[in-house]
Amino acid sequence: MKIYADNAATTKMSRRAIDAMIPYMEKVYGNPSSLYTIGQEAAEALESARQTMAEHLHCMPREILFTSGGSEADNQAILSAARLGEKKGKKHIISTAFEHHAVLHTLNRLEKEGFEVTLLDVHENGLVTPQQVKEAIRPDTCLVTVMYANNEIGTIQPIGEIGSVCREAGVLFHTDAVQAAGHLPIDVQAQNIDMLSLSAHKFHGPKGVGALYAKQGIRLTNLIEGGAQERGRRGGTENVPGIVGMAAAFAESCANMEETAKKLTALRDQLIEGLSKIPHSILNGDRTKRLPGNVNFCFEGIEGESLLLLLDDAGISASSGSACTSGSLDPSHVLLAIGRIHDIAHGSLRLSLSEENTEEEIAYIIQTTGEVVDYLRKMSPVWRDLQEGKRSYVIQ
Amino acid sequence: MLYSEKVMDHFKNPRNVGVIENADGIGEVGNAKCGDIMRIYLKIDNEIISDVKFETFGCGSAIASSSMATEMIKGKPLKDALELTNKAVAEALDGLPAHKMHCSVLAEEAIKNAILDYYKKNGIPYDHSQFPDCDSCQHCN
Ligand SMILES: Cc1ncc(COP(=O)(O)O)c(C=O)c1O
Numbered sequence: 007m008k009i010y011a012d013n014a015a016t017t018k019m020s021r022r023a024i025d026a027m028i029p030y031m032e033k034v035y036g037n038p039s040s041l042y043t044i045g046q047e048a049a050e051a052l053e054s055a056r057q058t059m060a061e062h063l064h065c066m067p068r069e070i071l072f073t074s075g076g077s078e079a080d081n082q083a084i085l086s087a088a089r090l091g092e093k094k095g096k097k098h099i100i101s102t103a104f105e106h107h108a109v110l111h112t113l114n115r116l117e118k119e120g121f122e123v124t125l126l127d128v129h130e131n132g133l134v135t136p137q138q139v140k141e142a143i144r145p146d147t148c149l150v151t152v153m154y155a156n157n158e159i160g161t162i163q164p165i166g167e168i169g170s171v172c173r174e175a176g177v178l179f180h181t182d183a184v185q186a187a188g189h190l191p192i193d194v195q196a197q198n199i200d201m202l203s204l205s206a207h208k209f210h211g212p213k214g215v216g217a218l219y220a221k222q223g224i225r226l227t228n229l230i231e232g233g234a235q236e237r238g239r240r241g242g243t244e245n246v247p248g249i250v251g252m253a254a255a256f257a258e259s260c261a262n263m264e265e266t267a268k269k270l271t272a273l274r275d276q277l278i279e280g281l282s283k284i285p286h287s288i289l290n291g292d293r294t295k296r297l298p299g300n301v302n303f304c305f306e307g308i309e310g311e312s313l314l315l316l317l318d319d320a321g322i323s324a325s326s327g328s329a330c331t332s333g334s335l336d337p338s339h340v341l342l343a344i345g346r347i348h349d350i351a352h353g354s355l356r357l358s359l360s361e362e363n364t365e366e367e368i369a370y371i372i373q374t375t376g377e378v379v380d381y382l383r384k385m386s387p388v389w390r391d392l393q394e395g396k397r398s399y400v401i402q
Numbered sequence: 029m030l031y032s033e034k035v036m037d038h039f040k041n042p043r044n045v046g047v048i049e050n051a052d053g054i055g056e057v058g059n060a061k062c063g064d065i066m067r068i069y070l071k072i073d074n075e076i077i078s079d080v081k082f083e084t085f086g087c088g089s090a091i092a093s094s095s096m097a098t099e100m101i102k103g104k105p106l107k108d109a110l111e112l113t114n115k116a117v118a119e120a121l122d123g124l125p126a127h128k129m130h131c132s133v134l135a136e137e138a139i140k141n142a143i144l145d146y147y148k149k150n151g152i153p154y155d156h157s158q159f160p161d162c163d164s165c166q167h168c169n
């Protein structure tokens, strides 16, 4: 059996998105800035894609800027707000401890420039509250940036409420909605969102393309200088096929959102229930306020990379927040932010589902994970010590 | 692929996993905070490693390094085992990715600690310079 359960990392492209892109590679390959027919046709496709994105986000097409993905959109949103803020002498930014590195590393860079950053603590259930945001806002705060849904533990933040708090205080509000877009309803007006990042490859679109929504009137700072593309806010010939594919995938995901969410929630709950039966395991993130397809567990006494390799051997693609898989010496900052200690954060497993997964696959994942965890525990000196009472369990 | 076929083979079919009851020497390195712990058990007869077992909590290369290292010292005189280097373990595995080399260091040090344990338990004099001191590993710092 081959099971892809790493949809938070990236997704398989939808047939409709692929089909939408092909004509823009084979036939309408003109440069949208050219005035002959195939150039202008490409320009029209671009504007039509912008229209589609805007409709589903409830904004105006001119408020959509196409980027190379979520990371670029995050960088540009944050840097723009910082530049606007510093002009008014406002150099304080509020965010959370469990943002994606595209946000955290951009904030680090601003800190080196003299900005002050407040990272809100995340509650053990993986949520921050509007109250926390409210209390952190100062007269010199120029930006609040809080992710819509977390990429590791899938927890969904109260974005609308946080938006209201920011609007009331007159502070710009950005949300990294890379994991939410196409999966959860978004209405930038109703939710008082000033800037929002999304990325096509997380909702069955192509990789290397995304969008930044910025409310009219927010002057964006360029990351890429060049031609007059994107109204001068991003130089470079537009990725026309990619953008067309993103719009097609977004429209499709939004149209099927409710139905997909219902199906995924059932699969997710089946998976959570099954994995909870593994002794000394714990779910990371709130039980219900999480993305419909996200499951994240810690298993005591084992390490995540070896777990992933054995799952891969059994045909299951998943991910982990262990240090060995993060490429650093520390395990996932997200798991540490919700209070998981290093010892067990190394033994984490994220399974992120899509509408292609089936109940049989979930049953197979539950069974296989149980077997692999058991196998690894049998060769783990930590597990032996736990069993012999020489070490105490972190997860009861 | 991240790992060589040899690493994957030793990871998926690890040799010498387990414990030796009443082992003559036990060595352990690493800690759970860092995400890897290796424990080596030795049975020693006439200064020869007649049996060796390991238990490892760690990533694929940690398990593969333990497996390979134990294979390399099994049946060998203690003095040969003391000469086993992490480089030799990594080479026998057809190489490890650069950021995984510390796994082979753990294997070398776990074996040395097990031998040290044997010397200490039996009051056998030994050359201190042959053994790692615990502060030498920078992995966690
Ligand atoms: C929450 C979040 N933000 C940003 C990104 C970066 O997106 P991209 O890969 O499109 O640059 C990701 C994807 O990994 C993500 O999950």
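As they're listed, the protein sequences go chains V and Y.
Going by this note's numbering, the first sequence runs without a break in its numbering and finishes at 402.
Going by this note's numbering, the second sequence runs without a break in its numbering and finishes at 169.
A virtual CB, placed ideally from N, CA and C, is assigned to each residue, including glycine.
Residues in its own chain within less than 8 Å of residue i by CB, not counting five upstream and five downstream?
| i | result |
| --- | --- |
| residue 15 of chain V | 325 and 358 |
| residue 262 of chain V | 361 |
| residue 258 of chain V | 20, 22, 23 and 210 |
| residue 86 of chain V | 201, 220, 224, 225, 226 and 227 |
| residue 127 of chain Y | none |
Since residue i sits in a beta bridge, which residues does DSSP pair it with?
| i | result |
| --- | --- |
| residue 304 of chain V | V:288 and V:354 |
| residue 201 of chain V | V:180 and V:220 |
| residue 1 of chain V | Absent from the model: residue 1 of chain V. The displayed extent of chain V is 7 to 402, so no value can be given. |
| residue 105 of chain Y | Y:76 |
| residue 161 of chain V | V:296 |
| residue 102 of chain V | V:126 |
| residue 66 of chain Y | Y:57 and Y:84 |
| residue 323 of chain V | V:10 |
| residue 388 of chain V | Its beta-bridge partners do not exist; DSSP assigns none. |
Just verifying my parser: in three-state terms, what is the DSSP assignment at residue i?
| i | result |
| --- | --- |
| residue 2 of chain V | In the structure displayed, chain V extends from 7 to 402; residue 2 of chain V sits before or after that span and is not available. |
| residue 82 of chain Y | strand |
| residue 169 of chain Y | Interpretation of residue 169 of chain Y is limited by its pLDDT of 40, a score under 50 that renders its predicted location unreliable; the figure taken from the coordinates is listed afterwards. Coil at residue 169 of chain Y, not helix or strand. |
| residue 128 of chain V | coil |
| residue 151 of chain V | strand |
| residue 163 of chain Y | Legend: pLDDT at residue 163 of chain Y = 48, less than 50; position of this residue unreliable, value from coordinates given subsequently. Helix at residue 163 of chain Y. |
| residue 344 of chain V | coil |
| residue 71 of chain Y | strand |
| residue 133 of chain Y | helix |
| residue 139 of chain V | helix |
| residue 246 of chain V | helix |
| residue 45 of chain Y | strand |
| residue 127 of chain Y | helix |
| residue 189 of chain V | coil |
| residue 365 of chain V | helix |
| residue 335 of chain V | coil |
| residue 40 of chain V | coil |
| residue 65 of chain V | coil |
| residue 29 of chain Y | coil |
| residue 154 of chain Y | coil |
| residue 231 of chain V | coil |
Between residue i and the rest of its own chain, which residues show a CB-CB distance below 6 Å, the 5 nearest in sequence each way excluded?
| i | result |
| --- | --- |
| residue 48 of chain V | 34, 36, 38 and 246 |
| residue 3 of chain V | A question about residue 3 of chain V goes unanswered here, because the residues of chain V that appear run from 7 up to 402. |
| residue 173 of chain V | 198 |
| residue 368 of chain V | 273, 276 and 277 |
| residue 93 of chain Y | 117, 131, 132 and 135 |
| residue 42 of chain Y | 91 and 95 |
| residue 175 of chain V | 143 |
| residue 67 of chain V | 56, 57 and 60 |
Would the beta-carbon of residue i be found less than 7 Å away from any heavy atom of ligand 1?
| i | result |
| --- | --- |
| residue 407 of chain V | Absent from the model: residue 407 of chain V. The displayed extent of chain V is 7 to 402, so no value can be given. |
| residue 80 of chain V | yes |
| residue 127 of chain Y | no |
| residue 137 of chain V | no |
| residue 46 of chain V | no |
| residue 196 of chain V | no |
| residue 185 of chain V | yes |
| residue 290 of chain V | no |
| residue 75 of chain V | yes |
| residue 153 of chain V | yes |
| residue 44 of chain Y | no |
| residue 157 of chain V | yes |
| residue 182 of chain V | yes |
| residue 108 of chain V | yes |
| residue 216 of chain V | yes |
Please return the same chain residues whose Cβ sits closer than 7 Å to the Cβ of residue i, not counting the five positions on each side in sequence.
| i | result |
| --- | --- |
| residue 345 of chain V | 130 |
| residue 352 of chain V | 309, 310, 328, 329 and 337 |
| residue 160 of chain Y | 137 and 140 |
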